[in-house]
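Student: Residue numbers (the UniProt record's numbering): 1 to 1062.
Handing you this structure, nothing more for now.
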């Protein structure tokens, strides 16, 4: 053991009288110093006197001190060392140091006669100083009296769930050795962990506020009040510190919230789930225990009640243990600031454990009542509330035998509590109907009606009533009479609730709703198609299930025979509303509307009667609604006949020609010639004279040898300018052996069919995305449509050192002014409106080329359409492909969210309009400006029926399409992705799709989609557009399936996707 002793003393030299002449030097100081040590321990058990450890009583002398060498400074430092100290020091041990020092010194006497030193006299004084210092050791933390003082808390809060300021109090702390010095109260605002959402102190050493109080008496109660600045979950940590700097820590939790309240969700309901879903869960028939005769109802309120503040901030989640903190580098070591288990918060309402809750609700009470007046007397809840065990999202109530009957109404009240004691009461009604509806007149049929729901319609009429719940609908099935399991078509005829003005033709139910007696619905004759040889003998049955609002029913069957007599069965109409849309000297353009039919079209025949009475038969596509006839003689009338060829037997391929549709066309007259005017003759003479002058000049240049030099310069300049655009013109491509024809390129392997839209005139040369045609070189034609041709091309850098593969979309040869305007409009739309996004096909720029017309330069996608990729993997779905499907879904959503943010509606979203790069990056294409309403009203808009929602199919146009239209289509695209390229509604004809969707039919869950992904699809397919989610919301939901790598790359987070665009 090594220790240093330091003694401050006051010199006496200043109090001595003046030295006489015979004294030379006079030095007085400390001439000896000693330290006596004594070590003692706590008294032995049964005694009161401390135990002195004798072997450790020692006296140490400071070396180097003597009367001839006194220390004259006012501070004496003495360093002592003891190597044999072997005792263990414990709390309560004392070290006593007794310091003593003696003064003295010397003086030199001088012979006054000679002035020489005479002698030195030594002086040892009797003055001795004694000082005692004692060190008391304390290694123990302060302690609390605990169970011996129940009224003195180590740390408690008055209310640990409170709307009032936080009041903390503590008492009963002591320290036997050194005594309690002070208290420090720290207040932390807890935050949820970013990943686990467990609450924790975000900065364990950074409280929002800290209070310090000195200790006075262990029996005193210390109190501190704190008012947080905002609602939240708070922790309080009390540090009790003794004089020896030992500390103990106690932790308590408080939920402080003076502002929140319980609300209800707009996206969820409180309803009677045992009631019928078709009628809004408002009606129920008997449901219960046959033995006891009770009637039961099931109530559901999942996710309906919520405390949004508590839910969003995770106030009721579990709380993480306090992480050990601080390091003094000594005995206490690392992490000496810790919360011992006995001082963690395990009391009160808010502890470390999670408070069980549902969206911030901690308790539910229910109560029920019933009446037979439609519920008008059930205004207030009874007082017999029943508290449910645990946190539930529903309950079952029952009524005793005989209490509930036809026309009865039950009301259920649910009272929700949050942790703060706030409450909210909501209620729901359910009506009861235990009997079947009544059929007043048997079903009848009115055949071959005009202006029906379908082009070929008959109308069914049934009179029925139900005095309790009303007749809600008729579910009908059209089937073969000789094979009743073969249902040709089925659907629902809804009988909606009528207004108060419906009197004579309506009846009123017990709850005051009005319904029509008569229910009518139309059937489509095309549903009754049978092979031609069976038309005479085949009999159909229309089974009608008449259902009331409680879904109790009666069955009626109507027999339908003589199928041949129904319109449309043997009607084959040709094109109708034929019109001539363009006229020239050598040709015309025709447009027409397709006639309604029960049969699929095979082709359109156009027969032209020539002037010599011979005929020329032309063939148009089955879906064509316009046709160009060329090679005609000017100012001539031509009778024409149009036929539609129908397929009447799909299996045998048997066809039949429609009735003829006659029309007469007439070509334009040639312009009249009026001869040459005098001005024209003069102009011709001037041109001839100029040619003569030019010829003379050429001869002179040739004779002087300058012509060769001039031609060489022109050739060199032309070669330098034209070199980068090798093979650019269509003529040069033919001469160089390029084949200008459609090739099977998987990048654009669909038929190319542009929408004709007008978007305004534009000057391309002034735009920032204008490109030079000298930087582009065509390579190969990919696809050709009625409006434009697509080429693969190379785009060179400015220095022509390297080149990228791109796509060029150019006008076809002999384009019209309308085509020119349209192409400029498309270019302007992509350049000015769309913008850039990683999942949108990139518009690189445009060229205003005189021979070819303006054309677009687009990103090249090596892996073709998503549709082609999916179908190619149909039988090869391995883990990599499965992983890629989820990435496709997420990327398409991100691209569509971008278009929606630009107020752009796609209208044609499908897997065939989505391209893939060589890295399998998604690129959405196929969209354009808004269709022109006037033009589309003339020729009809072609719409992709099976990708569009019911509202567009019903109006047969996408003019009013919105983002929610694209959301429906996105759901279909998801279905295409996870069925590996299957066609949606493959077994439903397009004409039958609308009633199919109206009755709630949707595509089944795909094989490779999980429940969450299929749930997203079903949300997209909600019949009401406003209830479909936005792309931003879908992206947020799908994003939860992925984790970010820290850039724009995402990885699927459910053991599916882990690659990065492999």
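Just so you know, even glycine gets a beta-carbon here, dropped at the ideal spot from N, CA and C.
1. Which value, in whole angstroms, describes the spacing of the CA atoms of residue 239 and residue 136?
2. Which partner residues of residue 1147 appear in the DSSP bridge assignment?
3. Taking the beta carbon of residue 538 as the centre, do at least 16 other beta carbons fall within 10 Å, making it buried, or is it exposed?
4. Note down the Cα distance separating residue 89 from residue 39, rounded to an integer number of angstroms.
5. What's the gap between the Cα of residue 665 and the Cα of residue 639?
6. Taking the continuous beta strand (DSSP E) assigned at residue 170, which residues delimit it?
7. Roughly how many whole angstroms lie between the Cα atoms of residue 19 and residue 130?
8. Measure the C-alpha to C-alpha separation of residue 1000 and residue 818 and round it to an integer number of angstroms.
9. Using only CA atoms, which one of 258, 445 and 641 lies nearest to residue 165?
10. For residue 525, which three-state DSSP category applies?
11. At which residues does the beta strand (DSSP E) containing residue 511 begin and terminate?
12. Just to confirm, is the Cβ distance from residue 972 to residue 916 under 9 Å?
13. Following the continuous alpha helix (DSSP H) through residue 974, name the residue where it begins and the one where it ends.
14. Which same chain residues, not among the five before or five after residue 473, have their C-beta less than 7 Å away from its C-beta?
15. CB-CB under 6 Å to residue 120, same chain, minus the five flanking residues each way: which ones, in chain order?
16. Note down the Cα distance separating residue 1142 from residue 112, rounded to an integer number of angstroms.
17. Which complete beta strand (DSSP E) runs does the stretch 877-928 hold, if anything under 3 residues is left out?
18. How close, in whole Å, do the beta carbons of residue 668 and residue 583 come, if the pair is a contact with beta carbons under 8 Å?
19. To which residues of the same chain is residue 603 closer than 6 Å at the C-beta, ignoring the five residues directly before and after it?
20. Please say whether residue 489 and residue 995 have beta carbons closer to each other than 9 Å?
21. Which same chain residues end up closer than 7 Å to residue 536 when comparing Cβ atoms and leaving out the 5 residues on each side of it in sequence?
22. Using the DSSP secondary-structure output, state which residues sit across from residue 213 in a beta bridge.
23. For residue 895 and residue 839, what's the separation of their Cα atoms in angstroms?
24. Mind checking which residues open and close the beta strand (DSSP E) that includes residue 1036?
25. Counting pairs of beta carbons, one from the stretch 437-449 and one from the stretch 404-420, are three or more of them closer than 8 Å?
26. Quick one: Cα of residue 384 to Cα of residue 978, how far?
27. Quick one: give me the first and last residue of the alpha helix (DSSP H) that residue 1015 is part of.
28. Does the stretch 459-477 come within contact of the stretch 500-510, defined as at least 3 CB pairs closer than 8 Å?
29. Classify residue 277: buried if its beta carbon has 16 or more other beta carbons within 10 angstroms, exposed otherwise.
30. Excluding five sequence neighbours on each side, which residues of the same chain lie with their C-beta closer than 6 Å to the C-beta of residue 349?
31. So which of 517, 482, 849 and 485 has the shortest CA-CA distance to residue 498?
32. List the whole-angstrom C-beta distance separating residue 33 from residue 76, where the pair is believed to meet the contact cut-off of C-beta under 8 Å.
33. Among the residues of its own chain, which have a CB less than 8 Å from the CB of residue 318, if the five just before and after it don't count?
34. Can you tell me whether residue 249 is buried or exposed? The criterion is at least 16 other CB atoms within 10 Å of its CB, across all chains shown.
35. Give the C-beta separation of residue 556 and residue 544 to the nearest angstrom, bearing in mind that I take them to be a contact with Cβ-Cβ under 8 Å.
36. Give the single residue among 1003, 607 and 991 whose Cα lies nearest to the Cα of residue 453.
Tutor: Taking the geometry as given:
1. Mapped onto the chain shown, residue 239 falls at position 239. Mapped onto the chain shown, residue 136 falls at position 136. Spanning the two alpha carbons is a distance of roughly 23 Å.
2. Absent from the model: residue 1147. The displayed extent of the chain is 1 to 1062, so no value can be given.
3. As a position in the chain shown, residue 538 is number 538, starting the count at 1. Residue 538 should be labelled buried.
4. If you number the chain shown from 1, residue 89 lands on position 89. If you number the chain shown from 1, residue 39 lands on position 39. Roughly 10 Å between the two C-alpha positions.
5. As a position in the chain shown, residue 665 is number 665, starting the count at 1. As a position in the chain shown, residue 639 is number 639, starting the count at 1. Going by the C-alpha atoms only, they are around 6 Å apart.
6. Taking the chain shown and counting its residues from 1, the one referred to as residue 170 is at position 170. Note, residue 170: beta strand (DSSP E), 166-170.
7. In the chain shown, residue 19 corresponds to position 19, counting from 1. In the chain shown, residue 130 corresponds to position 130, counting from 1. Taking the straight line joining both Cα atoms gives about 30 Å.
8. Within the chain shown, numbered from 1, the residue matching residue 1000 stands at position 1000. Within the chain shown, numbered from 1, the residue matching residue 818 stands at position 818. Going from the Cα of residue 1000 to the Cα of residue 818 covers about 43 Å.
9. What you label residue 165 is simply residue 165 of the chain shown in a count that begins at 1. Nearest option by C-alpha distance: 258.
10. As a working mapping, residue 525 is identified with position 525 in the chain shown. Reduced to three states, the DSSP call for residue 525 is helix.
11. Position 511 of the chain shown, counting from 1, holds the residue named residue 511. Residue 511 -> no beta strand (DSSP E), and no H or E assigned at all.
12. In the chain shown, residue 972 corresponds to position 972, counting from 1. In the chain shown, residue 916 corresponds to position 916, counting from 1. The answer is no: Cβ separation not under 9 Å.
13. Within the chain shown, the letter at position 974 stands for residue 974. Element bounds for residue 974: 963-978.
14. As a working mapping, residue 473 is identified with position 473 in the chain shown. So the list reads 492, 493, 494, 495 and 547, once near-sequence residues are dropped.
15. Within the chain shown, the letter at position 120 stands for residue 120. Excluding positions up to five away in sequence, the list reads 106 and 108.
16. Since the first and last residues shown for the chain are 1 and 1062, residue 1142 lies out of range.
17. 914-916 and 922-924
18. Within the chain shown, numbered from 1, the residue matching residue 668 stands at position 668. Within the chain shown, numbered from 1, the residue matching residue 583 stands at position 583. That belief holds up - the Cβ atoms of residue 668 and residue 583 are roughly 5 Å apart, short of 8 Å.
19. The residue given as residue 603 occupies position 603 in the chain shown. Result list for residue 603: 619, 622 and 645, in chain order.
20. Working through the chain shown from its first residue, we reach residue 995 at position 995. Working through the chain shown from its first residue, we reach residue 489 at position 489. Their beta carbons are under 9 Å apart, which means residue 995 touches residue 489 by this criterion.
21. If you number the chain shown from 1, residue 536 lands on position 536. Around residue 536: 564.
22. Along the chain shown, one-based indexing puts residue 213 at 213. DSSP, once it has assigned bridges, lists 183 as partnering residue 213.
23. Taking the chain shown and counting its residues from 1, the one referred to as residue 895 is at position 895. Taking the chain shown and counting its residues from 1, the one referred to as residue 839 is at position 839. The straight-line gap from Cα to Cα measures roughly 5 Å.
24. As a first step, residue 1036 is located in the chain shown; it is residue number 1036 there, counting from the start. Residue 1036 -> not in any beta strand (DSSP E); alpha helix (DSSP H) instead, spanning 1031-1039.
25. no
26. On the chain shown, residue 384 is found 384 positions in, with the first residue counted as 1. On the chain shown, residue 978 is found 978 positions in, with the first residue counted as 1. Residue 384 and residue 978: Cα-Cα distance of roughly 52 Å.
27. One-based indexing of the chain shown puts residue 1015 at position 1015. For residue 1015, the uninterrupted alpha helix (DSSP H) run begins and ends at 1011-1020, by DSSP.
28. yes
29. To locate residue 277, count along the chain shown from 1; it is residue 277. Looking at its Cβ environment, which holds fewer than 16 other Cβ atoms inside 10 Å, residue 277 is exposed.
30. Here the question's residue 349 lines up with position 349 in the chain shown. Counting only Cβ-Cβ distances below 6 Å, and skipping sequence neighbours, we find 160 and 161.
31. Residue numbering aside, residue 498 sits at position 498 when the chain shown is read from its first letter. The shortest C-alpha separation from residue 498 is found at 517.
32. Taking the chain shown and counting its residues from 1, one reaches residue 33 at position 33. Taking the chain shown and counting its residues from 1, one reaches residue 76 at position 76. Confirmed, about 6 Å.
33. What you label residue 318 is simply residue 318 of the chain shown in a count that begins at 1. Excluding residues within five positions, the ones whose Cβ falls inside 8 Å are 198, 199, 352, 353 and 354.
34. Against the chain shown, residue 249 aligns to sequence position 249. Flag for residue 249 reads buried.
35. In the chain shown, residue 556 corresponds to position 556, counting from 1. In the chain shown, residue 544 corresponds to position 544, counting from 1. The pair is a contact, with the Cβ atoms about 5 Å apart (cut-off 8 Å).
36. Translated into the one-based positions of the chain shown, residue 453 becomes position 453. Checked all of 1003, 607 and 991; the closest Cα to residue 453 is 991.
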